[in-house]
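Q: Residue numbers (this note's numbering), protein chains in the order written: chain F, 1 to 343; chain L, 1 to 140; chain Z, 1 to 648.
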Amino acid sequence: MVNLDNLKKEANRILKEEKVKYIIGYKKSSNGLFTVPAFIKNPEEVEKLTWDPTCVYNLTRFLVDEKRKKAKEKEPDERPVGLIVKGCDSRALVVLLQEKFINRDDVYILGVSCEETGVLDEKKLAKTLKGKKVKNIEFGKNDNFVVTTKDGKTEIPAKEILAERCLECNANFPVISDILFGEKVKRKSDNPFESLEKFESLSKEERWTFWKEQLDKCIRCYACRSVCPMCYCDECVADTINFAVIAETTAEEKAQKIKWVEKSPVTSENFVYHLVRAIHLAGRCIDCGECERACPLDIPLRLLNKKLEKEAKELFGYEAGFDADVPSLVSSFKDEDPEDFIR
Amino acid sequence: MAEEFEPKIVAFLCKWCSSAGSDLAGVSRMEYPSNVVPITVMCSGSISPLYIFSAFNRGADGVLVSGCHPGDCHYIKGNFYARRRIALVKKLLDYIGLEPQRFQMSWVSAAEGKKYTQIIKDFVKELKPLGPQTKLRRNL
Amino acid sequence: MKRTGVFVCHCGINIAGTVDVKRVAKELSKHSGVVHSEDYVYMCSDPGQNLIIDAIKEKKLDNVVIACCSPTLHETTFRNTSESAGLNKFQCEIANIREQCSWVHKDMDKATEKAIKITKSAVEKVRRNESLEPISIPVTRRALVIGGGIAGIQSALDLANTGFEVILVEREPSIGGHMIQLSETFPTLDCSQCILTPKMVEVSKHPNIKLMTYSEVQEISGYVGNFIVKILKKPTYVDADKCTLCDECTKVCPVVVSNEFDLGLTGRRAIYIPFPQAIPATYTLDISACPGLLPIACGKCADVCEPGAIDFDMKPKIVEEEVGAIIVASGFDLYEKELMGEYGYGKYPDVLDGLQFERLLSASGPTMGKVLRPSDRKEPKEVVFIQCVGSRDPELHCPYCSKICCMYTAKHAMLYKHHVHDGQAYIFYIDIRSGGKGYEEFVQRAVEEDGVLYLRGKVSKIFEEKGKIKVWGVDTLAGKDIEIDADMVVLAMAMRPSKEAEELAKKLKIALDKDGFLAEAHPKLRPVESVSSGMFLAGAAQAPKDIPEAVAQASGAASKAVAILSQERLSHAPTVAKVNVNLCSGCGMCVLVCPYDALSLKDGKVEVNEVLCEGCGSCSATCLRAAIQVKNLTPLQVNEMIKVSLGG
Numbered sequence: 001m002v003n004l005d006n007l008k009k010e011a012n013r014i015l016k017e018e019k020v021k022y023i024i025g026y027k028k029s030s031n032g033l034f035t036v037p038a039f040i041k042n043p044e045e046v047e048k049l050t051w052d053p054t055c056v057y058n059l060t061r062f063l064v065d066e067k068r069k070k071a072k073e074k075e076p077d078e079r080p081v082g083l084i085v086k087g088c089d090s091r092a093l094v095v096l097l098q099e100k101f102i103n104r105d106d107v108y109i110l111g112v113s114c115e116e117t118g119v120l121d122e123k124k125l126a127k128t129l130k131g132k133k134v135k136n137i138e139f140g141k142n143d144n145f146v147v148t149t150k151d152g153k154t155e156i157p158a159k160e161i162l163a164e165r166c167l168e169c170n171a172n173f174p175v176i177s178d179i180l181f182g183e184k185v186k187r188k189s190d191n192p193f194e195s196l197e198k199f200e201s202l203s204k205e206e207r208w209t210f211w212k213e214q215l216d217k218c219i220r221c222y223a224c225r226s227v228c229p230m231c232y233c234d235e236c237v238a239d240t241i242n243f244a245v246i247a248e249t250t251a252e253e254k255a256q257k258i259k260w261v262e263k264s265p266v267t268s269e270n271f272v273y274h275l276v277r278a279i280h281l282a283g284r285c286i287d288c289g290e291c292e293r294a295c296p297l298d299i300p301l302r303l304l305n306k307k308l309e310k311e312a313k314e315l316f317g318y319e320a321g322f323d324a325d326v327p328s329l330v331s332s333f334k335d336e337d338p339e340d341f342i343r
Numbered sequence: 001m002a003e004e005f006e007p008k009i010v011a012f013l014c015k016w017c018s019s020a021g022s023d024l025a026g027v028s029r030m031e032y033p034s035n036v037v038p039i040t041v042m043c044s045g046s047i048s049p050l051y052i053f054s055a056f057n058r059g060a061d062g063v064l065v066s067g068c069h070p071g072d073c074h075y076i077k078g079n080f081y082a083r084r085r086i087a088l089v090k091k092l093l094d095y096i097g098l099e100p101q102r103f104q105m106s107w108v109s110a111a112e113g114k115k116y117t118q119i120i121k122d123f124v125k126e127l128k129p130l131g132p133q134t135k136l137r138r139n140l
Numbered sequence: 001m002k003r004t005g006v007f008v009c010h011c012g013i014n015i016a017g018t019v020d021v022k023r024v025a026k027e028l029s030k031h032s033g034v035v036h037s038e039d040y041v042y043m044c045s046d047p048g049q050n051l052i053i054d055a056i057k058e059k060k061l062d063n064v065v066i067a068c069c070s071p072t073l074h075e076t077t078f079r080n081t082s083e084s085a086g087l088n089k090f091q092c093e094i095a096n097i098r099e100q101c102s103w104v105h106k107d108m109d110k111a112t113e114k115a116i117k118i119t120k121s122a123v124e125k126v127r128r129n130e131s132l133e134p135i136s137i138p139v140t141r142r143a144l145v146i147g148g149g150i151a152g153i154q155s156a157l158d159l160a161n162t163g164f165e166v167i168l169v170e171r172e173p174s175i176g177g178h179m180i181q182l183s184e185t186f187p188t189l190d191c192s193q194c195i196l197t198p199k200m201v202e203v204s205k206h207p208n209i210k211l212m213t214y215s216e217v218q219e220i221s222g223y224v225g226n227f228i229v230k231i232l233k234k235p236t237y238v239d240a241d242k243c244t245l246c247d248e249c250t251k252v253c254p255v256v257v258s259n260e261f262d263l264g265l266t267g268r269r270a271i272y273i274p275f276p277q278a279i280p281a282t283y284t285l286d287i288s289a290c291p292g293l294l295p296i297a298c299g300k301c302a303d304v305c306e307p308g309a310i311d312f313d314m315k316p317k318i319v320e321e322e323v324g325a326i327i328v329a330s331g332f333d334l335y336e337k338e339l340m341g342e343y344g345y346g347k348y349p350d351v352l353d354g355l356q357f358e359r360l361l362s363a364s365g366p367t368m369g370k371v372l373r374p375s376d377r378k379e380p381k382e383v384v385f386i387q388c389v390g391s392r393d394p395e396l397h398c399p400y401c402s403k404i405c406c407m408y409t410a411k412h413a414m415l416y417k418h419h420v421h422d423g424q425a426y427i428f429y430i431d432i433r434s435g436g437k438g439y440e441e442f443v444q445r446a447v448e449e450d451g452v453l454y455l456r457g458k459v460s461k462i463f464e465e466k467g468k469i470k471v472w473g474v475d476t477l478a479g480k481d482i483e484i485d486a487d488m489v490v491l492a493m494a495m496r497p498s499k500e501a502e503e504l505a506k507k508l509k510i511a512l513d514k515d516g517f518l519a520e521a522h523p524k525l526r527p528v529e530s531v532s533s534g535m536f537l538a539g540a541a542q543a544p545k546d547i548p549e550a551v552a553q554a555s556g557a558a559s560k561a562v563a564i565l566s567q568e569r570l571s572h573a574p575t576v577a578k579v580n581v582n583l584c585s586g587c588g589m590c591v592l593v594c595p596y597d598a599l600s601l602k603d604g605k606v607e608v609n610e611v612l613c614e615g616c617g618s619c620s621a622t623c624l625r626a627a628i629q630v631k632n633l634t635p636l637q638v639n640e641m642i643k644v645s646l647g648g
């Protein structure tokens with residue numbers, strides 16, 4: 001089990017020794033059960049750090065902001081950022097390394113293992129507790145979560161209230177870290193594509209009806225993109241609103257900008273937007289589930305990304321975020337890649 | 001009687017094999033339906049998934065991607081990247097419920113005018129019963 | 001807004017018979033930006049071209065689209081026409097409404113609709129074309145020839161005689177290749193060494209040829225006109241300048257190993273000269289056979305060497321050379337004998353391959369030109385020759401025809417009969433392929449004058465019995481089984497690319513064909529060019545071939561190389577990749593995808609080497625952020641083409 005005191009001790013050490021600029025971790029929210037990102041700059045603040053089943057955020061996303069900030073500074077602080085990562089988050093880091101978005105020296109990785117559990121699904125918890133308000137939740141023994149309500153503490157088997165992605169996770173401890181907290185125990189893995197396969201078994205028209213209903217809800221708020229650690233492009237090809245037009249942008253460059261997708265949140269444009277996002281995440285998405293969590297319309301975006309994750313694995317034997325030194329999914333091929341679909 | 005539905009098809013052809021094969025079909029005076037408008041690109045490896053989504057978005061009833069046979073790519077290996085990329089796009093489109101017949105890939109060499117002709121004939125024949133593609137078509 | 005002109009060609013009735021060209025011209029005249037649109041019976045004719053020139057000048061056109069035949073035919077014509085009227089070549093695009101439209105459709109309405117879309121698509125493209133000039137690159141006016149067999153020798157001599165400096169690299173201690181091992185050559189029966197050695201001497205004396213034997217190409221970088229080659233010169237431990245060829249060293253050398261020149265039929269010492277006429281004429285100390293240099297275990301050769309030519313301290317050397325063109329003539333090897341177990345090759349000493357038999361026939365060979373069995377040095381009276389051993393056998397061995405075996409087997413049988421008048425020669429064959437000047441006559445001569453017995457059929461088994469080699473076969477013409485008690489069997493083994501070809505191809509980035517031979521750029525029209533610009537192929541490295549074909553291809557490759565070397569500067573198509581550094585994140589995916597190593601990362605952004613880039617566009621399809629695209633076929637252009645192709 002992750003020893004929070006040890007984590008804090010290490011955080012304290014690296015801040016005191018000025019090894020890192022600051023640490024990105026989790027802290028209790030002032031209103032609400034779920035933890036929020038914490039940016040710890042001084043050893044005195046280390047006490048705020050926490051680790052519990054509500055640490056859902058993929059904090060690697062903040063490295064994107066960090067890189068942008070640093071690029072603007074005249075004399076940037078070259079020390080690494082301390083970053084607390086779960087297994088899934090660490091795979092995001094690996095992809096960022098693979099794509100040379102960050103350097104290994106840019107980050108000091110404080111890995112935390114989810115061991116046999118993972119993070120919480122708020123809806124499942126509410127259902128289990130029949131709406132009772134939760135004051136606190138923490139990791140317990142025997143893969144249970146200890147939940148505190150007004151009636152006191154109860155232990156709930158983690159499996160019953162874990163996020164779907166955690167049930168399907170195959171990297172429950174960080175694949176890369178400078179220091180690891182908790183044990184490298186491999187989860188007894190369930191079928192990593194269970195939720196997907198249920199959906200795949202629907203007929204083509206049922207699948208269309210489902211996606212149409214889901215994607216018609218999309219208001220194109222781009223929360224999915226904002227929260228995604230892989231969506232670090234300065235400019236999104238699928239969205240004309242965020243075209244990065246700066247002083248140096250030439251008229252020619254402006255003229256080259258293509259409206260692949262219209263802004264209007266209608267079926268066709270929503271589909272193309274989400275198709276582009278899905279195909280651009282193929283071989284890069286590591287299923288941290290942040291897009292789905294951030295979506296205000298509850299669109300099951302994981303189900304879209306998971307599909308290409310499965311195809312990458314089954315067709316090409318490729319899994320994202322395990323090795324930063326291999327070529328990416330679409331910048332490589334094998335002679336024996338399947339071609340039974342080609343005439 | 002209502003006019004028979006004529007599907008609109010965009011074919012992305014690589015310059016060195018498939019476009020040349022399509023030229024050969026012409027030189028040999030083979031006949032095939034006129035539903036396909038070819039767009040010649042340098043290599044099948046240059047065909048971005050965005051081109052395919054865009055074609056459907058702009059009302060294509062079918063999209064064809066065609067390149068050199070494996071090992072014959074003018075650019076050594078572009079068609080291998082295409083094969084992988086197109087496989088993913090095809091799986092994705094199928095998954096969201098687009099009729100799989102609407103998006104196809106073929107290998108057509110510069111010598112295969114006959115094969116190109118057959119592919120177009122089959123493609124049109126398979127698309128006719130499906131009717132117009134409205135799922136991804138822009139309708140603003 | 002740019003002013004576009006559209007010219008629709010009737011091509012007689014080739015287009016106009018199926019496409020309403022007037023309607024195409026009329027529809028296009030309504031298209032946004034088109035200020036001039038007309039049709040004409042033959043656009044490629046002088047009056048047709050003049051129409052274009054006049055319109056460009058009078059209507060101040062910025063760009064033009066010619067709707068006509070395939071761009072493979074008249075793109076160059078019309079681009080030159082446009083240029084003569086003052087436009088950049090890239091301001092002219094072709095809409096292919098013949099091969100891809102009028103010739104493949106019958107319904108005029110539908111074909112016309114399609115022709116309109118195709119033409120509009122070209123208009124949308126040309127309106128967004130950049131004006132580009134060819135990229136000019138300097139040329140290093142020297143050549144590298146890899147392989148010192150007959151093909152490499154011929155290429156090197158041709159280049160050197162044209163006045164260019166040549167570096168000829170050979171892996172073995174002497175040049176000569178397989179041809180120098182041969183006895184006599186079909187169909188004239190010239191002595192192989194007699195016709196080859198003058199060329200070898202010419203190579204060694206030629207002021208323009210730098211010969212590097214016992215050397216291997218290690219690394220090649222750069223591009224056409226400007227290659228940088230690293231060559232490893234292995235130590236021979238003998239200073240060729242001091243060596244007087246007195247042969248004292250081999251007399252004292254205590255080691256005997258198999259002599260590769262005689263394919264194991266004889267032995268040689270650890271210090272040796274491959275054959276008497278070797279070029280360069282000097283000895284080589286085979287370090288893998290020598291008892292040891294570090295520390296010196298024997299040293300006898302150095303002790304007896306009066307001129308002190310032996311230098312145990314010689315080190316491998318890496319030489320860097322700059323060249324403008326490369327000819328690869330890495331030759332062939334025979335099919336691995338281990339793979340032909342069914343014919344007892346390697347098991348029975350009197351089952352030989354074709355090259356071993358050449359050595360037996362050779363006047364300078366192990367038997368001084370007498371045909372004797374290796375096992376007991378007796379004259380064989382019954383000799384069975386088997387063709388297509390490993391060739392034309394797609395299930396088990398090589399699917400292709402090795403091409404030279406029919407002829408050399410006829411020669412072997414004939415020469416055998418010349419040596420052993422009372423002997424009998426049998427040839428098992430599938431069929432006889434004797435296409436070539438004087439070849440068919442040669443085969444007939446073997447049958448008619450020398451009484452060689454041709455048996456059409458395959459051999460199923462070869463085994464030893466009572467001092468004879470039993471050959472079980474079938475004569476499919478007579479329809480009966482054949483059993484021969486042979487004294488010797490000669491196998492016409494398949495030709496394979498040399499063992500080093502694969503590694504060499506990787507270094508050079510030349511593709512291999514399915515059989516492992518070096519792949520030519522086009523099987524018919526570009527048979528001596530590789531897919532890599534500035535690299536040419538010669539000899540059996542590209543495909544099995546005989547001597548005259550190898551020589552012809554070698555001269556062809558040399559003249560292709562001269563076409564590059566004779567220029568002050570080369571030009572390269574300017575439709576190459578271009579990076580938008582503001583969008584590039586430096587992820588490097590495109591760098592990995594590029595088939596030509598034209599992309600690299602510098603300070604976190606991708607850079608294009610425009611000379612290496614061939615403009616295939618795989619980079620642009622890989623890039624997630626549209627930061628790299630190929631000039632004049634950008635995603636924006638394609639998207640606009642998609643739009644009008646769908647009637648939008």
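For each residue, glycine too, the CB sits at the ideal point set by N, CA and C.
Is I642/Z closer than 8 angstroms to Y51/L when the C-beta atoms are compared?
A: Residue numbering aside, residue 51/L sits at position 51 when the second sequence is read from its first letter. Residue numbering aside, residue 642/Z sits at position 642 when the third sequence is read from its first letter. Yes, the pair counts as a contact, with Cβ atoms nearer than the cut-off.
Q: Check whether the Cβ atoms of C69/Z and R79/Z lie closer than 8 angstroms to each other.
A: Looking up residue 69/Z in the third sequence gives position 69. Looking up residue 79/Z in the third sequence gives position 79. No, they are not a contact pair.
Q: For G435/Z, tell me which candidate among C406/Z, R142/Z and I150/Z has the shortest Cα-Cα distance.
A: Residue numbering aside, residue 435/Z sits at position 435 when the third sequence is read from its first letter. Comparing Cα positions, the closest option is C406/Z.
Q: I'd like to confirm the pairing. Which residues does DSSP put opposite G5/Z in its beta bridges?
A: Here residue 5/Z refers to the residue found at position 5 when the third sequence is read from its first residue. Beta-bridge pairing links G5/Z to H36/Z and V64/Z.
Q: Relative to the alpha-carbon of I219/F, which residue among N270/F, E99/F, A278/F and E66/F has its alpha-carbon at the smallest distance?
A: Residue mapping note: residue 219/F aligns to position 219 of the first sequence, counting from 1. The candidate whose alpha carbon is nearest that of I219/F is N270/F.
Q: For G615/Z, would you say it is in contact with chain L, using Cβ-to-Cβ distances shorter than 8 angstroms as the test?
A: Counted from its first residue, the third sequence places residue 615/Z at position 615. G615/Z counts as touching chain L.
Q: For the beta strand (DSSP E) holding P49/L, just list the boundary residues, first then last.
A: Counting from 1 along the second sequence, the entry for residue 49/L is found at position 49. Here P49/L belongs to no beta strand (DSSP E); instead the alpha helix (DSSP H) covers P49 to N57.
Q: Check whether chain L comes within 8 angstroms of Q567/Z, counting only Cβ atoms and requiring the distance to be less than that.
A: As a working mapping, residue 567/Z is identified with position 567 in the third sequence. It does not; no Cβ of chain L falls within 8 angstroms.
Q: Look up C166/F in the DSSP assignment and say whether it is helix, strand or coil.
A: Along the first sequence, read from residue 1 onward, the residue named residue 166/F stands at position 166. In this structure, C166/F counts as helix in the three-state DSSP scheme.
Q: Residues of chain F with CB closer than 7 angstroms to the CB of R625/Z, please, in chain order.
A: Taking the third sequence and counting its residues from 1, one reaches residue 625/Z at position 625. The contacting residues are C233, E235 and V237.
Q: Taking only beta-carbon positions, decide if T72/Z is within less than 8 angstroms of chain L.
A: Here the question's residue 72/Z lines up with position 72 in the third sequence. Judged by the 8 angstroms Cβ criterion, T72/Z is in contact with chain L.
Q: Considering only residues of the segment 172 to 238 of chain Z, which uninterrupted beta strand (DSSP E) runs meet the minimum length of 3 residues and lie entirely inside it, listed in chain order?
A: Segments of the beta strand (DSSP E) lying fully in the segment 172 to 238 of chain Z: 209 to 212, 215 to 223 and 226 to 233.
Q: Which word fits V201/Z, buried or exposed, when buried means at least 16 other C-beta atoms lie within 10 angstroms of its C-beta?
A: Position 201 of the third sequence holds residue 201/Z. Looking at its Cβ environment, which holds fewer than 16 other Cβ atoms inside 10 Å, V201/Z is exposed.
Q: With a threshold of 8 angstroms between beta-carbons, can V37/L be considered close to chain Z, or not?
A: In the second sequence, residue 37/L corresponds to position 37, counting from 1. Yes, its Cβ sits closer than 8 angstroms to a Cβ of chain Z.
Q: Taking 8 angstroms as the CB-CB cut-off, is E126/L touching chain Z?
A: Taking the first residue of the second sequence as 1, we reach residue 126/L at position 126. No, E126/L lies away from the interface with chain Z (no Cβ there is under 8 angstroms from its Cβ).
Q: Please tell me whether T420/F has its Cβ less than 8 angstroms away from any Cβ of chain Z.
A: Residue coverage of chain F in this structure runs from 1 to 343, which leaves residue 420/F outside it and unanswerable.
Q: Helix, strand or coil: which one does DSSP assign to F332/Z?
A: Working through the third sequence from its first residue, we reach residue 332/Z at position 332. In this structure, F332/Z counts as strand in the three-state DSSP scheme.
Q: Strictly under 8 angstroms for the Cβ-Cβ distance: is L512/Z near chain F by that measure?
A: If you number the third sequence from 1, residue 512/Z lands on position 512. Answer no: the Cβ-Cβ gap between L512/Z and chain F never drops below 8 angstroms.
Q: Going by the DSSP bridge assignment, what does F181/F pair with across the sheet?
A: The residue labelled residue 181/F in the question sits at position 181 within the first sequence. DSSP lists V112/F as partners of F181/F.
Q: Between which two residues does the beta strand (DSSP E) harbouring T40/L extend?
A: Against the second sequence, residue 40/L aligns to sequence position 40. Taken as a continuous stretch (DSSP letters only), the beta strand (DSSP E) holding T40/L covers V36 to V41.
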